[in-house]
Every structure is written in structure tokens, then in C-alpha cells.
Amino acid sequence: MLGSRKKPCCGEAMHIARRAGLWAVAALTGILAASRGTAQDARAPAPQARVLREERTVDVNGTTETWRLEWAHPPGPICPPDDPGWFTCPCSGFEFGEEGELDLVRSRSSGEIDRLHVTPLFSNDEVPAPASEKGHAALRRFPVLASDLDAWERADQFGSPAAFQEAVVERTVINILDLRDFNLDGSATEFVLQIGVLPCGKRQSVLVGISPSRPGLHAFGSAEHPDRPLVLYVDHWEKLRTSTGPLRIVTWSCGDHASEVHEELLLKVDEIGIHAARETYSCGEPGQEHGELISREIL
């Protein structure tokens with residue numbers, strides 16, 4: 008009959024059915040494989056373990072606490088001993104160090120009670136690379152010896168820089184949590200944290216800890232600006248801690264790195280808190296320490 012088609016016989020029908028079944032299996036296998044691949048691609052990488060940098064036992068009003076500095080992830084090197092620039096001014100205070108995301112954690116027997124994300128305190132351009140490029144915190148890890156520059160030069164001269172690096176990493180890790188009583192409230196619950204460095208070797212730092220007026224972890228501000236971290240040079244904090252009265256400290260002299268002004272820092276601490284001001288003077292005539300007062304800023 009015109010237009011009619013011959014029906015397949017039993018053998019042909021079985022062959023067609025078998026082919027259809029194989030295609031269905033293949034399609035299903037592909038779908039399953041694709042779904043597995045999609046699930047694997049979407050699977051987040053395993054979280055990296057936090058790394059303990061330092062741990063100290065602290066007495067807070069008669070209660071024993073544990074304070075820990077923790078890296079959120081394994082830290083990277085900064086100003087390492089195999090870097091030819093480790094001894095230069097930008098690395099001052101960060102030599103043989105580490106960089107990464109950093110937290111300060113307080114805990115008691117009941118568990119964690121307080122946490123401060125320390126990294127934002129380093130949010131300036133005065134931290135060595137790669138920390139400055141990544142927005143990370145940086146801490147020195149190994150101490151620097153007076154003989155290190157000579158030892159590094161000898162190792163470099165004789166083609167054995169690895170020997171110097173091995174000697175450095177065998178040293179005892181330095182303490183960052185050097186807790187003292189800087190605000191003179193009777194409790195050693197503060198420490199100095201370097202956050203940067205200015206030319207050349209002027210190490211910027213803040214004071215971190217707790218106080219009666221602010222019992223949570225924080226970076227200390229002045230009495231006039233308590234919510235703004237007070238940035239001083241590292242040695243200025245120690246002078247304040249050991250002072251018996253107001254301090255006046257020269258921070259920049261005329262001609263220091265081509266400075267065209269003379270700057271002095273005024274510091275004192277009392278029951279209200281830390282007071283700080285910066286006075287800027289002209290350079291004045293030859294032979295004078297400085298000229299007239301240009302400005303006075305409350306820090």
C-alpha cells in the first residue's frame with residue numbers, strides 16, 4: 008500500500024530496543040558524571056587550621072586568663088633572612104618576620120570571652136611588602152643579633168646563604184605579648200605592637216590591651232580621642248611607662264631626611280588616661296634647635 012512502512016521483525020525490534028537502552032544508559036551516565044563534576048567544582052576547599060603565634064597567662068583583677076595571638080591561616084614570610092633587604096630601613100622591627108591575618112584572643116576556664124581582629128591596625132603604607140600589598144599584619148619572629156649583617160655578608164660572599172638562614176630559624180621565637188602597665192592603672196594588661204616604620208627606623212606602634220574604662224580588648228587612644236588609636240614610636244611608650252611626670256620628646260629634627268620642620272611630642276599619663284600633643288616648629292636660624300611654633304595638634 009502506497010505510503011505504508013514495513014514493521015520490523017522481532018530481531019530488528021530487539022536491536023532497536025537494545026540501541027535505545029544503550030543511549031539511555033549513556034545519557035544517564037553523562038548526567039551523573041556532570042552532576043558529580045559540578046558538585047566537586049562547587050565544593051569549598053578545606054579550611055586551613057589557625058596557627059598559634061604566642062600564648063600568655065594574664066591576671067585580670069584576680070582572675071586567670073589566657074591571651075593568644077593567632078594567625079587565621081599559616082603566615083607567610085616577611086623580611087626573611089634570605090631577602091637581601093632584610094636589614095634595610097623598611098624592614099626595621101619586622102626582620103625575620105611573618106605576615107597574615109592576625110587575632111588576639113582572651114579566654115578563661117569557661118572558654119573564649121573576647122577577640123580582637125588585629126589586622127586593621129596595620130592598615131597603612133608603612134608595613135613592608137608583601138604585608139602592605141595584601142593588607143596583612145606583620146610580626147617579627149626571630150631576634151636580630153648585632154653580628155647578623157656581617158654573618159649574612161660572609162654567607163653571601165661564600166655562596167652559602169642557606170647556612171645563615173638555618174642559623175636564624177634555630178633561634179628562640181621572640182615574645183610580642185610583653186604585658187606591662189603603661190597607663191599606670193596598676194594592672195599589667197597592655198603591650199606595644201609595632202604597626203609600621205617611618206624613615207629611617209622610626210618604628211610606629213600602638214598600645215593594645217584592656218583598661219578599667221574599656222574592659223574589652225582594644226587599641227588605646229588618648230584621653231581626648233579614646234576611639235582613635237594613638238600611634239607613637241616604640242621607645243616612646245617605654246619612656247611614658249617609666250616617666251614620673253610630663254614628657255617632651257623630639258620626633259623630627261630639622262634636616263632629618265630633609266625635614267623642613269622641627270617636631271616635638273608632649274606626653275603624660277594620669278587617672279583620666281594618656282594625653283598626647285604634637286608641636287611643629289619652623290627650623291629657625293642656623294645654630295637654633297628650632298624657630299617659632301607653627302601648630303599644635305592634640306593627638
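Heads up: the sequence shown runs through residues 8 to 306, numbered per the numbering used here. Just so you know, even glycine gets a beta-carbon here, dropped at the ideal spot from N, CA and C.
Stretch pair the stretch 168 to 179 + the stretch 112 to 124: three plus CB contacts closer than 8 Å:
no
Coil, strand or helix - Trp93 by DSSP:
coil
Distance check for Glu160 and Gly193, CA to CA, integer angstroms please.
46 Å
Quick check on the burial criterion: 16 or more other C-beta atoms within 10 angstroms. Buried or exposed for Leu156?
exposed
Residue burial classification, Ala283 (beta-carbon count within 10 angstroms, cutoff 16):
buried
Our contact map puts Gly107 next to Trp78 with C-beta atoms below 8 Å; I'd like the distance itself, whole angstroms only.
5 Å
Tell me the DSSP bridge mates of Lys66?
First, the residue type needs correcting, since residue 66 is Asp and not Lys in the sequence shown. According to DSSP, which records beta bridges pairwise, Asp66 is partnered with Thr71.
Taking only the alpha-carbon atoms, compute the straight-line gap between Thr95 and Pro253 and give it to the nearest angstrom.
34 Å
For Leu111, does the count of other Cβ atoms within 10 angstroms reach 16, so buried, or fall short, so exposed?
buried
I need the DSSP call for Gln172, collapsed to helix, strand or coil.
helix
C-beta atoms of Phe103 and Val175 nearer than 9 Å
yes
Look up Glu197 in the DSSP assignment and say whether it is helix, strand or coil.
strand
Do you know offhand how far Glu299's Cα is from Thr251's?
28 Å
Inter-residue Cα distance where the pair is Asp306 and Val238
The sequence as given places Leu at residue 306; Asp does not occur at that position. So the alpha carbons of these two residues sit roughly 9 Å apart.
From Thr249 to Gly262, what distance separates their C-alpha atoms?
30 Å
Span of the beta strand (DSSP E), counted from its first residue to its last, around Arg122:
118 to 124
Applying the 10 Å Cβ sphere with the 16-neighbour rule, what's the burial state of Pro135?
buried
Starting from the C-beta of Ala138, find all residues in its chain whose C-beta is less than 6 Å away, skip the five residues before and the five after it, and write them out in chain order.
Ile85, Glu106, Ala145
Ignoring anything shorter than 4 residues or poking outside the stretch 184 to 253, list the alpha helix (DSSP H) runs there in chain order.
241 to 248
Name the DSSP bridge partner or partners of Ser99?
Its beta-bridge partners do not exist; DSSP assigns none.
What residues in its chain sit with their C-beta under 6 Å from that of Leu191, if we drop five residues either side in the sequence?
Val276
Give the range of the beta strand (DSSP E) segment to which Asp110 is assigned.
109 to 115
Near Glu197, which residues of its chain fall below 8 Å by C-beta distance, leaving aside the five closest residues on each side in sequence?
Leu186, Arg187, Asp188, Phe189, Asn190, Leu214, Val215, Gly216, Ile217, Ser218, Phe227
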